[in-house]
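Colleague: Have a look at this one.
Number of protein chains: 2
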Amino acid sequence: MPDDHAPASDLKRSELARLTGCNLETIRYYENVGLMPDPPRSPAGHRRYGRAHVERLSFVMRARELGFTMEEIRGLLSLVDRGGHTCAEVEGVGRHHLGVVRAKIRDLQAIETRLSDTIARCSGADTPECPLLDVLNQSRLRA
Amino acid sequence: MPDDHAPASDLKRSELARLTGCNLETIRYYENVGLMPDPPRSPAGHRRYGRAHVERLSFVMRARELGFTMEEIRGLLSLVDRGGHTCAEVEGVGRHHLGVVRAKIRDLQAIETRLSDTIARCSGADTPECPLLDVLNQSRLRA
DNA sequence: CCTTGATCCTGTAGCGGCTACAGACCCTAC
DNA sequence: GTAGGGTCTGTAGCCGCTACAGGATCAAGG
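One line per chain: the protein sequences are Z and F, in this order.
Numbering-wise, full-length UniProt numbering puts 59 at position 59 of the first sequence, and it's gapless, one number per residue.
Numbering-wise, full-length UniProt numbering puts 66 at position 66 of the second sequence, and it's gapless, one number per residue.
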């Protein structure tokens, strides 16, 4: 769709927020931690964003949606910014993160199994005896 | 069960830490946030723990291992402490937490799928073109 | 031109769940 | 007595935001 009739430049912070769906304060936060560049300012000191900022923020947001840490995103951005990056480098970051994600899934699945197995044995009755409490109380010291 | 021959009482904080595997500082933290009771003190003000503290801390640690938040653990502990708790109440807390765990797993699995599908298309070559970067750059504004 | 209300600016504090460190005490052994 | 450990307290830092206070500035209406 040709959309050039809409300038999408010289945006205020609130407009960038609305356009990207990013929280207003988070934009400033990303600037502080170096994920977003210091934007040019109006004479009164108000931030003015352009198309490049919209794309940069969108990149950051999509990376966050995929669970990349800010450190990893900084890495990805510096790869791209310095130019001459390779797919291999980017893939390396991605594979590492994928490993972390898979590890988290495994941890949570172990919890899920243990928890659902335990709860399945709950009577749901008005008695104080409770398999879940037993699991939490099961002392390796006695027994 | 008669187990009174093992004292396991009058423990120092470091001993409680060693016995439970809990980090030394974390014990004080749990005390500050109300998961552990204020223990009795030696004349010089040093904390002295007994068997009950070992069990309490173990309870908290097992609950944390299952991913319960401190808020939920406080809830579980107050159920037990006030007496007259029921399995139904405990199960309720557990079921709620299980829902949260399952939601997290779903979120992570969505990330995992998207990430692994994308990385699978990476060439791993020295070219700048990269499917992962494409995904991060894919602008909903143009295209 | 002036006022009003919305927006912008800055710095800072808070969330959860710890972890660690500084600087003061204290305890034990030699 | 003194050296070294352990303990005490308060506080700051981690991540990734989010929110709020108190001031400056903007845009519209009268």
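Ideal placement from N, C-alpha and C gives every residue a C-beta, glycine not left out.
#1: Which residues in chain F have a C-beta closer than 9 angstroms to the C-beta of SER123 of chain Z? List them in chain order.
#2: Please go through the same chain and pick out, in chain order, the residues whose beta-carbon is closer than 7 angstroms to the beta-carbon of VAL101 of chain F, but skip the five residues on each side of it.
#3: Is the Cβ-Cβ distance between GLY50 of chain Z and ASP10 of chain Z less than 8 angstroms?
#4: Runs of 4 residues minimum, wholly inside the UniProt domain "HTH merR-type" (14-79) of chain Z: which ones carry the alpha helix (DSSP H) assignment?
#5: Which partner residues of LEU11 of chain Z appear in the DSSP bridge assignment?
#6: Counting only Cβ pairs nearer than 8 angstroms, list the residues of chain F close to PRO128 of chain Z.
#7: Closer than 8 angstroms by C-beta to ALA63 of chain F: which residues in its own chain qualify, once you throw out the five before and the five after it? Chain order, please.
#8: For GLY99 of chain F, does the three-state DSSP call read helix, strand or coil?
#9: Taking only beta-carbon atoms, is GLU112 of chain F less than 8 angstroms away from chain Z?
#10: For ASN23 of chain F and chain Z, any beta-carbon pair shorter than 8 angstroms?
#11: According to DSSP, simplified to helix, strand and coil, what is GLY94 of chain Z?
#12: Give every residue of the same chain whose Cβ lies closer than 7 angstroms to the Cβ of ASP38 of chain Z, excluding the five residues on either side of it in the sequence, and list them in chain order.
#13: Quick check on GLN138 of chain Z: does DSSP put it in helix, strand or coil?
#14: Starting from the Cα of ALA44 of chain Z, find the closest Cα among Z:ALA52, Z:ARG121, Z:ASP107 and Z:LYS12 and give me that residue.
#15: Closer than 9 angstroms by beta-carbon distance: list the chain F residues that pair up with GLY99 of chain Z, in chain order.
#16: Using 8 angstroms for Cβ pairs, my map puts LEU16 of chain Z next to LEU57 of chain Z. What's the rounded Cβ distance?
Modeller: This is what the structure holds:
#1: What SER123 of chain Z touches in chain F: CYS87, ALA88 and GLU91.
#2: So the qualifying residues of the chain are GLY67.
#3: Against a cut-off of 8 angstroms, the Cβ pair of ASP10 of chain Z and GLY50 of chain Z comes out as a contact.
#4: Here the runs fully enclosed are 24-32 and 51-65.
#5: BP columns for LEU11 of chain Z point to Z:TYR49.
#6: Think of a sphere of 8 angstroms around the beta carbon of PRO128 of chain Z: the chain F residues whose beta carbon falls inside it are GLY84, HIS85, THR86 and CYS87, in chain order.
#7: Excluding positions up to five away in sequence, the list reads GLU72, ILE73 and LEU76.
#8: In the structure shown, GLY99 of chain F sits in a helix (DSSP, three-state: H, G or I).
#9: Output row for GLU112 of chain F: interface = yes.
#10: Using a Cβ-Cβ cut-off of 8 angstroms, ASN23 of chain F does not count as an interface residue toward chain Z, since no Cβ of chain Z sits closer than that to its own.
#11: Three-state DSSP puts GLY94 of chain Z in a helix.
#12: Closer than 7 angstroms at Cβ, skipping near neighbours: GLU31.
#13: Note: GLN138 of chain Z maps to coil in three-state DSSP.
#14: Of the candidates Z:ALA52, Z:ARG121, Z:ASP107 and Z:LYS12, the one whose C-alpha sits nearest the C-alpha of ALA44 of chain Z is Z:LYS12.
#15: Going along chain F, no residue has its Cβ under 9 angstroms from GLY99 of chain Z, so there is no contact; the nearest lies around 10 angstroms.
#16: Beta-carbon to beta-carbon, LEU16 of chain Z and LEU57 of chain Z are separated by about 7 angstroms, close enough to satisfy the 8 angstroms threshold.
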